[in-house]
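Chains as they are written, first to last, in my numbering: chain A, 1 to 355; chain B, 1001 to 1355. Cβ atoms here follow ideal geometry from the backbone N, Cα and C, with glycine treated the same way.
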Ligand SMILES: Cc1ncc(COP(=O)(O)O)c(C=O)c1O
Ligand SMILES: Cc1ncc(COP(=O)(O)O)c(C=O)c1O
């Protein structure tokens, strides 16, 4: 049941940053959404309040045992001034799968969608309109019970904060260089890799920093058991175009079920381009490359939408893909998806939700 | 360099809870310690302040990407009124290993020890003295920079909170029933299992809850690669006495390097009881039991010190250890360790640090 949302407007509107200098997750809008949970009363007291600090007991479980989940999605302003959300139902469905894995209570889909709509309505003037910009939305849940026993919390806060974000690629879509990680592991089957939970990102920081120091933008994660099957790239899903067919790692339990990934698969099927979800080894990729069959590679995620991969480095063995340039299919997918998202192209899939 | 600690005493001392009803991590003392970190200035502004809420931007990295580490140790009040800490240098050394894995800046050992001493001094009257009670100390670091990009934080808070805790075993040491976990995995080599970081505990909650529902106190974790080698039990290390020799899983990268574990090994060596750190499979354990050679099993950790295991259940196959009773060696180790910790026995190892 959707409860009435109390709306408390700020008296001090912030100055909006220049749309040319937004960056990612640096500026926050004037308001945020909060919903509380207590064992016994369930989720209660939905409210939109001025963006403000969270006040928590230092023993709150989120600080000690990491019981927390999050989501990420974007709102776009169309040329004719409408506001569109990209597949928000997928986010609440995934949030609930994450909740289940982290022993966090279920949150109703309608409550989530209503919260998004109410908050966006209040901060509507924060949605940028310059090409490539959007409003990044970060819903998250934290365990707030002050107790040091290792057990699920009896109290939670569900919150939504929002940040106007710039064009991911300042100078057009540019391929990235990726380091294939052989030492660190992001997630393993039986673990929390398919949940969108904080600990997965903390676990990836060292690898990311070491790759950066070697001149690589991100890492390609291999599976934790055999250390040879491809999982994800940084915090994106990954696709390879091999001899005309598009391949992506199957959802095996340790990979995040990306909403962009799912949409790319649908788009490819719609175009009658063959796409396969399967287990892909890193050796296999190098073999295909040797035979001249590895045509394109790209990461997919909400932040960048499509991120072409120009180079892989596995144990010092460098592999240049498509001469280090953005492939034709990568570019076409980027145009198509961002066109649907910003309303410049029709939406044959019924993905967009108007606010 | 140890900076002068500013001490701000509370004007409203709390009423102390009854030493008979302390529980674990439920009550907190009157004060806490805080030290801030900013890239550029490093760790600064050490202070003891009244126990109070933490105020953080909702975009603080700890909420989203789990960049956080913690420690756990105890202070004991001796019969003659002295206050003893158990091996605190081991805690700061482990904290720094966790810091390194989580891309959190190094914290000097002296700064940590001084912080502990200053805080304990101010809240000295909170250390309980009834048999089995102690003051549980929780140092932790959280990433506080408000930024949604996935990268190490530029700001942190190191804090210490303290909680008077009761006797772990209300009616003397009692064996626990343990469910051998075959579905969920706590950690894998290359991951963060050997770091004391929040995400590891969040990852374990589901298994723990499902085991509880089946009537088991905790789970025994198997390795994530082969799903057959023994790692830990709940959030304790684990030992098995087999035919007179004590066996414990070797530190392989996915197991926490427990300070109690290390102390038990030293104590056994001191008694000339053979002890082996090695890879132990669950099948092997069942085989030894069949042959009548599995004599005792116990978990070790700061909270319980020694927790005897009376039953294991692996895929429905129940194994009763020592008739479900506390073994002789388990009891002897418990007496010895808690005796050293509370000052009723001499400390041949030089473990205790007086405050
Ligand atoms: C680990 C990880 N993999 C993949 C993705 C891509 O998911 P989505 O397309 O839903 O943004 C994300 C989120 O951006 C992620 O955090
Ligand atoms: C996962 C885990 N294993 C083992 C231990 C035991 O370590 P220690 O003996 O240092 O308390 C702990 C901490 O209590 C732990 O959290």
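Taking contact to mean at least 3 C-beta pairs separated by less than 8 Å, is the segment 1217-1224 of chain B in contact with the segment 202-212 of chain A?
-> The segment 1217-1224 of chain B is not in contact with the segment 202-212 of chain A.
Give me the Cβ distance between residue 227 of chain A and residue 122 of chain A, rounded to the nearest whole Å; I'm assuming they're in contact under 8 Å.
-> The C-beta distance from residue 227 of chain A to residue 122 of chain A rounds to 48 Å, too long to fall under 8 Å, and the pair is not in contact.
Throw me the rounded Cβ distance for the residue 155 of chain A and residue 1202 of chain B pair, which I believe falls under 8 Å.
-> The pair is not a contact, with the Cβ atoms about 15 Å apart (cut-off 8 Å).
Quick one: residues in its chain with C-beta nearer than 7 Å to the C-beta of residue 183 of chain A, no 5 flanking neighbours on either side, listed in chain order?
-> Answer for residue 183 of chain A: no residue qualifies.
Test item: CB-CB of residue 143 of chain A and residue 61 of chain A under 8 Å = Going by C-beta atoms, residue 143 of chain A is nearer than 8 Å to residue 61 of chain A.
Contact test: residue 1300 of chain B Cβ vs ligand 2 heavy atom, cutoff 7 Å | Yes, Cβ of residue 1300 of chain B sits closer than 7 Å to a heavy atom of ligand 2.
Would you report the Cα separation of residue 1300 of chain B and residue 1236 of chain B, rounded to the nearest angstrom?
-> Note on geometry: alpha-carbon atoms of residue 1300 of chain B and residue 1236 of chain B lie some 5 Å from one another.
Should residue 1074 of chain B be labelled buried (16 or more other beta-carbon atoms within 10 Å of its own) or exposed?
-> Under a 10 Å Cβ-count criterion, residue 1074 of chain B is classified as buried, with 16 or more other Cβ atoms of the shown protein chains found around its own Cβ.
The segment 1277-1289 of chain B / the segment 1241-1252 of chain B touching (three or more Cβ pairs under 8 Å) | The segment 1277-1289 of chain B is in contact with the segment 1241-1252 of chain B.
With residue 1296 of chain B and residue 1313 of chain B assumed to form a contact (beta carbons below 8 Å), what rounded beta-carbon distance in angstroms separates them?
-> Rounded to the nearest angstrom, the Cβ distance from residue 1296 of chain B to residue 1313 of chain B is 18 Å, too far for a contact under 8 Å.
Determine whether the Cβ of residue 1283 of chain B lies closer than 8 Å to any Cβ atom of chain A.
-> Not an interface residue.
Among A:355, A:167 and A:163, the one whose alpha carbon lies nearest that of residue 357 of chain A = There is simply no residue 357 of chain A to check, as chain A begins at 1 and stops at 355 in what is shown.
Touching or not, the segment 35-44 of chain A and the segment 1040-1048 of chain B, by the rule of three or more beta carbon pairs under 8 Å?
-> Contact between the segment 35-44 of chain A and the segment 1040-1048 of chain B is absent: fewer than 3 CB-CB pairs across the two stretches fall below 8 Å.
Select from the segment 193-209 of chain A all residues with a C-beta closer than 8 Å to any C-beta belonging to chain B, and list them in chain order.
-> Answer in chain order: 197, 198, 199, 200, 201, 202, 203, 204, 205, 206, 208 and 209.
If you run the structure through DSSP and keep just helix, strand and coil, what is residue 146 of chain A?
-> Three-state DSSP puts residue 146 of chain A in a strand.
Is any heavy atom of ligand 2 found at a distance shorter than 7 Å from the C-beta of residue 1345 of chain B?
-> At a threshold of 7 Å, residue 1345 of chain B does not count as near ligand 2, since its beta carbon sits no closer than that to any of the ligand's heavy atoms.
Within 10 angstroms of the Cβ of residue 1238 of chain B, are there 16 or more other Cβ atoms? Answer buried if so, exposed if not.
-> Within a 10 Å sphere around the beta-carbon of residue 1238 of chain B sit 16 or more other beta-carbons, which makes this residue buried.
Within its chain, find whatever has a CB closer than 8 Å to the CB of residue 317 of chain A; leave out the 5 residues flanking it on each side and keep chain order.
-> Within the same chain, residue 317 of chain A has close Cβ partners 286.
For residue 1200 of chain B, verify whether its CB is less than 7 Å away from any heavy atom of ligand 2.
-> Look at residue 1200 of chain B: its beta carbon is less than 7 Å from one of the heavy atoms in ligand 2.
Between the CA atoms of residue 76 of chain A and residue 1050 of chain B - distance to the nearest angstrom | Taking the Cα positions, residue 1050 of chain B is about 46 Å away from residue 76 of chain A.
Which residue comes first and which comes last in the beta strand (DSSP E) that contains residue 111 of chain A?
-> Element bounds for residue 111 of chain A: not the beta strand (DSSP E) but the alpha helix (DSSP H), 109-122.
Could you check if residue 344 of chain A is buried or exposed, using at least 16 other CB atoms within 10 Å of its CB as the buried criterion?
-> Residue burial is scored here from C-beta neighbours: residue 344 of chain A has fewer than 16 other C-beta atoms within 10 angstroms and is therefore classed as exposed.
DSSP beta-bridge partners for residue 1314 of chain B?
-> Residue pairing from DSSP places residue 1314 of chain B in a beta bridge opposite B:1180 and B:1317.
Using the C-alpha atoms, what's the distance from residue 1108 of chain B back to residue 232 of chain A?
-> Rounded to the nearest angstrom, the two C-alpha atoms are 36 Å apart.
Contact list for the segment 63-79 of chain A against chain B, Cβ threshold 7 Å | The residues in question are 63, 64, 65, 66, 67, 68 and 70.
Cα-Cα separation, residue 240 of chain A to residue 1070 of chain B = If you take the alpha carbons of residue 240 of chain A and residue 1070 of chain B, they lie about 40 Å apart.
Contact test: residue 1203 of chain B Cβ vs ligand 1 heavy atom, cutoff 7 Å = Annotation for residue 1203 of chain B indicates a beta carbon at 7 Å or more from all heavy atoms of ligand 1.
Report yes or no: do three or more beta-carbon pairs, one from the segment 1091-1111 of chain B and one from the segment 1134-1151 of chain B, lie closer than 8 Å?
-> Contact holds between the segment 1091-1111 of chain B and the segment 1134-1151 of chain B, because three or more Cβ pairs, one in each stretch, are under 8 Å apart.
So, helix, strand or coil for residue 38 of chain A, using DSSP?
-> The DSSP-derived three-state label of residue 38 of chain A is strand.
Please confirm whether residue 328 of chain A and residue 320 of chain A have their CB atoms less than 8 Å apart.
-> Judged by their CB atoms, residue 328 of chain A and residue 320 of chain A are not nearer to each other than the 8 Å cut-off.
Is the beta carbon of residue 298 of chain A sitting closer than 8 Å to the one on residue 309 of chain A?
-> The answer is yes: Cβ separation under 8 Å.
Relative to ligand 2, is the shortest distance from any of its heavy atoms to the C-beta of residue 1072 of chain B smaller than 7 Å?
-> Residue 1072 of chain B Cβ: within cutoff of ligand 2.
Distance between residue 130 of chain A and residue 20 of chain A (C-alpha atoms, nearest Å) = Answer to the nearest angstrom: the Cα atoms are 8 Å apart.
Starting from residue 1231 of chain B, trace the beta strand (DSSP E) both ways and give me its first and last residue.
-> Taken as a continuous stretch (DSSP letters only), the beta strand (DSSP E) holding residue 1231 of chain B covers 1230-1233.
Report all residues from its chain with a CB closer than 8 Å to the CB of residue 1192 of chain B; omit the five preceding and five following residues, and keep chain order.
-> So the qualifying residues of the chain are 1101, 1102, 1199 and 1200.
Please indicate yes or no: does the CB of residue 1245 of chain B lie closer than 7 Å to some heavy atom of ligand 1?
-> No, since every heavy atom of ligand 1 falls outside the 7 Å radius drawn around the Cβ of residue 1245 of chain B.
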